[in-house]
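Visitor: The structure's right below; bear with me while I get my questions together.
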Amino acid sequence: MPTITQFLEEKASHALAAASGLTMPALVQATANAQFGDYQANGVMAAAKAKKMNPRELAQQVLAHLNPAEIPATWDIAGPGFINFRLDPAWLGKTLLAAALDERLGVERTSRSETIVVDFSAPNTAKQMHVGHIRSTIIGDALARIFRFLGHTVITDNHVGDWGTQFGMMIVGYRTMLDRAAYDRDPLAELERVYKVIQAQSKADSAVADRAREELAKLQKGDPDNIALWQEFTAVSRQAFERIYARLHVQFDHWLGESFYNPFLSQVVQDLQDKGLARPSEGAICVFFEDDPELAENPFLIQKQDGASLYATTDLATIKYRAETFHPDRVIYVVDSRQQLHFRQLFAAARRWGYTMALEHVGFGTILGEDGRPIKTREGEPIKLEALLDEAEERARAVVREKNPSLSDAEQEHIARVVGIGAVKYGDLLQNRTADYRFSWDKMLAFDGNTAPYLQYVYARIRSIFRRGELEHWRPEPGMVVRLEAPEELDLVKQMIRFADVLLEVERGSRPNVLVSFLYELATKFNMFYQAQPILKAAADIRPTRLLLCDVTARYLKTGLGLLGIETLEAM
Numbered sequence: 089m090p091t092i093t094q095f096l097e098e099k100a101s102h103a104l105a106a107a108s109g110l111t112m113p114a115l116v117q118a119t120a121n122a123q124f125g126d127y128q129a130n131g132v133m134a135a136a137k138a139k140k141m142n143p144r145e146l147a148q149q150v151l152a153h154l155n156p157a158e159i160p161a162t163w164d165i166a167g168p169g170f171i172n173f174r175l176d177p178a179w180l181g182k183t184l185l186a187a188a189l190d191e192r193l194g195v196e197r198t199s200r201s202e203t204i205v206v207d208f209s210a211p212n213t214a215k216q217m218h219v220g221h222i223r224s225t226i227i228g229d230a231l232a233r234i235f236r237f238l239g240h241t242v243i244t245d246n247h248v249g250d251w252g253t254q255f256g257m258m259i260v261g262y263r264t265m266l267d268r269a270a271y272d273r274d275p276l277a278e279l280e281r282v283y284k285v286i287q288a289q290s291k292a293d294s295a296v297a298d299r300a301r302e303e304l305a306k307l308q309k310g311d312p313d314n315i316a317l318w319q320e321f322t323a324v325s326r327q328a329f330e331r332i333y334a335r336l337h338v339q340f341d342h343w344l345g346e347s348f349y350n351p352f353l354s355q356v357v358q359d360l361q362d363k364g365l366a367r368p369s370e371g372a373i374c375v376f377f378e379d380d381p382e383l384a385e386n387p388f389l390i391q392k393q394d395g396a397s398l399y400a401t402t403d404l405a406t407i408k409y410r411a412e413t414f415h416p417d418r419v420i421y422v423v424d425s426r427q428q429l430h431f432r433q434l435f436a437a438a439r440r441w442g443y444t445m446a447l448e449h450v451g452f453g454t455i456l457g458e459d460g461r462p463i464k465t466r467e468g469e470p471i472k473l474e475a476l477l478d479e480a481e482e483r484a485r486a487v488v489r490e491k492n493p494s495l496s497d498a499e500q501e502h503i504a505r506v507v508g509i510g511a512v513k514y515g516d517l518l519q520n521r522t523a524d525y526r527f528s529w530d531k532m533l534a535f536d537g538n539t540a541p542y543l544q545y546v547y548a549r550i551r552s553i554f555r556r557g558e559l560e561h562w563r564p565e566p567g568m569v570v571r572l573e574a575p576e577e578l579d580l581v582k583q584m585i586r587f588a589d590v591l592l593e594v595e596r597g598s599r600p601n602v603l604v605s606f607l608y609e610l611a612t613k614f615n616m617f618y619q620a621q622p623i624l625k626a627a628a629d630i631r632p633t634r635l636l637l638c639d640v641t642a643r644y645l646k647t648g649l650g651l652l653g654i655e656t657l658e659a660m
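Residues are numbered in our numbering as their position in the sequence shown, beginning at 1, plus a constant of 88.
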């Protein structure tokens, strides 16, 4: 079953073709202003230009080819040739009930299911996750959830940075200056401290740098002691990462880090050379893009002069492995926009190598402090992600304690966790992902405006209506009479039926903020309905419809927030 936009697009496009003799889209979309109806077809203008016709006259001919028996709407012409559609209230009532009786709220699974690999988060081993990891983690998780809901086969992969030159320094530091008590308390914090000290010493003392290189070489050759230490670093890192992911309700199907691909790297370089795609240059080996004006001056370095591989080599090996193992239609990399050039080079090299699946870089901007600068601690260090989540919960706890001091400590803790973590996620996801944004605790944790606490509060308010009416077990019934008359009722349902179209828009652009905007508008329209119309005290013939509106709104909010990885609360 098509979405309402797809349905109107199909009917209007057929009418446009019949009227003009051209195969052109009607370009139907939801209107931003109710005075122009609920949906508007804008394609007549382009068709009229192509036919050298008066657009309003062509629009009149299009209307003559629309069948009122097929379309649950009235229509008229606005301006120079726009066609406005106003949906029929009776049809809206039937659609609302159908969504209420469907566990998927009327959203059908796609008939063109794809296998999609989503690569996101990817912190570095032996380092604490910091605020810079939050965007990839949250955006990637939301996209994976939405793609799955739409019916795609989704494979999530945490491509952790668990190999590289830093481990030589880490091993030296571990053996010479580790504080065992500090390590036992917080392994990653101590490893990070040790690494910074050794890194500074390596720059000042060539003997330290030489020893770090020696330990790295031993690790790369499989020295048992160094391998054992590296495995320990990897294990304690994963434990710390898993603790944070559990708080964020994020899970991965695979943790195939950089080290997993080490056995394949030399073959990647050899294969690219054998195919004439890579060649030596000043002792290194590069893929060149002479036929691509945008990349012609940016060769892709895949092996350094000393024979060492790079991220580029590992990323190419990863593409090969994923293609042969997962057979994906799409691979999506949720990575900082500053890596744009790297991914353009990577994708161009992969295409030349023969890999045809869609490769997409879903880039994102930087989190800034309220001063407009990249967010850091007073000492100039990146804020640790665990500390950020702790502060979110603590700030939420203070708000909850102020608003509901009668709640038990356990209830306050639970609400603070859900509200605090939800606020951080929502505050990130509401942004246009490609833009930088300013992080503000006050804005994120506000119980009014476009925030998670506001939406969570609206959901909890709806659930409280059913408790007050002793209707916790109320459910819509097939065949129940739905009477939509008040403008607030109609506006609310018109917002609900956009849900499927909104999810498809998120999918097309990998932009979760589109869903965030939909949910905020839904919550706002519900509050307008709630303020204007009685529910529990409504007349007997109207009350079932009002309860239905409440019930389905709550389900859309819970489902939509769930797709963003955000929990709801039955009471706040």
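Glycine included, every Cβ here is placed at the ideal spot set by N, Cα and C.
#1: Could you name the residues of the same chain whose beta carbon sits closer than 7 Å to that of Asp530, not counting the 5 residues immediately before and after it, in chain order?
#2: Is Val570 closer than 7 Å to Thr633 when the C-beta atoms are compared?
#3: To the nearest angstrom, how far is the alpha carbon of Lys363 from that of Arg192?
#4: If we count the other Cβ atoms within 10 Å of its Cβ and call it buried at 16 or more, is Arg223 buried or exposed?
#5: For a test of the three-state rule: what should DSSP assign to Leu476, helix, strand or coil?
#6: Between which two residues does the beta strand (DSSP E) holding Gln128 run?
#7: Taking the alpha helix (DSSP H) that Glu145 belongs to, which residues open and close that run?
#8: If distances are taken between C-alpha atoms only, which option among His337, Glu609, Asp639 and Tyr608 comes closest to Ile623?
#9: So is Ser201 buried or exposed if we call it buried at 16+ other beta carbons inside 10 Å?
#10: Please report the Cβ distance between Met265 and Tyr283, rounded to the nearest whole angstrom; I am assuming they are in contact, meaning their Cβ atoms lie under 8 Å.
#11: Per DSSP, which one or two residues make a beta bridge with His342?
#12: Output the boundary residues of the alpha helix (DSSP H) element that contains Thr93.
#13: When DSSP labels each residue in this structure, what does Arg367 get in the three-state scheme?
#14: Do Val206 and Ala232 have their C-beta atoms closer together than 7 Å?
#15: Consult DSSP for Leu266 and reduce its assignment to one of helix, strand or coil.
#16: DSSP on Asp274, reduced to helix/strand/coil?
#17: Looking at the unbroken beta strand (DSSP E) that takes in Gln427, where does it start and where does it end?
#18: Quick one: grab the DSSP three-state call for Glu655.
#19: Would you please state the rounded distance, in angstroms, between the beta carbons of Leu404 and Lys513? I believe it to be under 8 Å.
#20: Between the Cα of Val242 and the Cα atoms of Phe414, Ala107 and Glu378, which residue gives the shortest distance?
#21: By Cβ distance below 8 Å, which residues in the same chain neighbour Val195 in space, the five residues on each side in sequence not counted?
#22: Less than 7 Å between C-beta atoms, sequence neighbours within five positions excluded: which residues of the same chain meet that for Leu607?
#23: Output needed for Phe340: all residues of its chain with C-beta closer than 6 Å, excluding positions within five of it in sequence on either side, in chain order.
#24: Buried or exposed: where does Lys137 fall if 16 or more other Cβ atoms within 10 Å of its Cβ makes it buried?
#25: Run through DSSP, which three-state label would Arg174 get?
#26: Distance check for Gln117 and Ala107, CA to CA, integer angstroms please.
#27: How many angstroms separate the CA atom of Met660 from the CA atom of Gly557?
#28: If the criterion is Cβ atoms closer than 7 Å, does the pair Thr641 and Phe614 meet it?
#29: Over the uninterrupted beta strand (DSSP E) stretch that includes Arg299, give me the two end residues.
#30: Compare the beta carbon distance of Val375 and Leu383 with 7 Å and say whether it is the shorter of the two.
#31: Less than 7 Å separating the beta-carbons of Ser290 and Thr213?
#32: In the DSSP assignment, find the alpha helix (DSSP H) that holds Ile373 and state where it starts and stops.
#33: Please list the segments of the alpha helix (DSSP H) lying wholly inside the region 185–244, counting only runs of 4 or more residues, in order along the chain.
#34: Could you spell out where the alpha helix (DSSP H) holding Glu501 opens and where it closes?
#35: From Ala323 to Glu346, what does the alpha carbon distance come to, in whole angstroms?
#36: Excluding five sequence neighbours on each side, which residues of the same chain lie with their C-beta closer than 8 Å to the C-beta of Ile165?
Guide: Put simply:
#1: none
#2: yes
#3: 49 Å
#4: buried
#5: The answer is helix: DSSP assigns Leu476 an H, G or I state.
#6: Tyr127 to Ala129
#7: Pro143 to Ala152
#8: Asp639
#9: exposed
#10: Not confirmed; about 11 Å, so no contact.
#11: Asp245
#12: Ile92 to Ser108
#13: strand
#14: yes
#15: coil
#16: coil
#17: Note, Gln427: premise wrong, no beta strand (DSSP E); not H, not E.
#18: Coil.
#19: In fact, because the Cβ distance is near 33 Å, the residues do not count as touching under 8 Å.
#20: Phe414
#21: Phe237, Leu238, Phe587, Ala588 and Leu591
#22: The residues are Leu543, Leu645, Gly648 and Leu649.
#23: Here the set comprises Thr244 and Asn246.
#24: exposed
#25: strand
#26: 20 Å
#27: 18 Å
#28: yes
#29: Careful: Arg299 lies outside any beta strand (DSSP E), inside the alpha helix (DSSP H) at Ser294 to Gln308.
#30: no
#31: Taking 7 Å as the Cβ cut-off, Ser290 and Thr213 do not qualify as a contacting pair.
#32: Element bounds for Ile373: not the alpha helix (DSSP H) but the beta strand (DSSP E), Ala372 to Val375.
#33: Whole alpha helix (DSSP H) segments, 4+ residues: 222–237.
#34: Asp497 to Leu517
#35: 15 Å
#36: Arg144, Ala147, Gln148, Leu151, Ile171 and Asn172
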